[in-house]
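In the working numbering, the protein residues as written are 30 to 241.
Glycine included, every Cβ here is placed at the ideal spot set by N, Cα and C.
Note that the structure is a prediction, hence the values are computed from the model and not measured.
Notes for the one structure printed next.
Okay, here's the thing in structure tokens:
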């Protein structure tokens, strides 16, 4: 929240960009859990992991996701990108957001939508329209996307960044024979973001970022 000048705004679209295993999914689960603890309905929309796998992963990191799934405050929807075209996936997602009055949404894997596009050249228009609709519904949306680069990090070049309010970069580096998780804010539309690169951990407090 401090790095984002107070946190994510209602109706904002944020991308969590990072290498495999850098903590993108755990960040999203932390977002949903924190919202549920405030009574805000949340939705996980993903393409690979099952509800039981997610709850087990969260529990191992001190995130009480399972309790909120059982209470109904957090819903988990797993959808194969091979079973539906992108428009049908977007319709299912938006229907769930409207029907359950979702306040926090985590889309785990932008690639799932990309793979479901019949015409890849539609990607910019498709994602812009989806982001605009989510923004109009006032949902706090976080979308994860993966980069395979371990060197210099770059924003995606598919035109989606113009529809994003924030871009959070997650990565891990090796220093002194130990893996460190790092987080930084690459883009922030409103306000002045924290330009520092900070270390973070997933523990009993959830997604915990160091103060310096």
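Please report how far the alpha carbon of residue i lies from the alpha carbon of residue j, in whole angstroms.
i, j, result
"residue 192", "residue 43", "9 Å"
"residue 107", "residue 148", "23 Å"
"residue 232", "residue 91", "5 Å"
"residue 110", "residue 76", "7 Å"
"residue 181", "residue 223", "With a pLDDT of 49 at residue 181, under the threshold of 50, the predicted position of this residue should be treated as unreliable, and no value is reported."
"residue 204", "residue 49", "18 Å"
"residue 212", "residue 146", "30 Å"
"residue 217", "residue 32", "10 Å"
"residue 167", "residue 78", "27 Å"
"residue 115", "residue 240", "40 Å"
"residue 41", "residue 159", "12 Å"
Kindly indicate the opening and closing residues of the alpha helix (DSSP H) around residue i.
i, result
"residue 100", "94-100"
"residue 77", "From DSSP, residue 77 is part of no alpha helix (DSSP H); its letter is neither H nor E."
"residue 189", "First-last for residue 189: undefined, no H or E at that position."
"residue 60", "53-65"
Can you tell me where the beta strand (DSSP E) holding residue i begins and where it ends?
i, result
"residue 232", "227-232"
"residue 47", "42-47"
"residue 69", "First-last for residue 69: undefined, no H or E at that position."
"residue 90", "From DSSP, residue 90 is part of no beta strand (DSSP E); its letter is neither H nor E."
Under 7 Å between the Cβ atoms of residue i and residue j?
i, j, result
"residue 36", "residue 171", "no"
"residue 227", "residue 214", "no"
"residue 189", "residue 156", "yes"
"residue 201", "residue 210", "yes"
Just to check my reading of the structure: residue i and residue j have Cβ atoms closer than 8 Å, yes? What is that Cβ distance to the nearest angstrom?
i, j, result
"residue 70", "residue 122", "So it is not a contact: roughly 14 Å between Cβ atoms."
"residue 173", "residue 198", "Residue 173 to residue 198, Cβ: 12 Å. No contact."
"residue 72", "residue 104", "5 Å"
* **Unbroken stretches of the beta strand (DSSP E), 3 residues or longer, contained in the stretch 96-172** => 103-107 and 133-137
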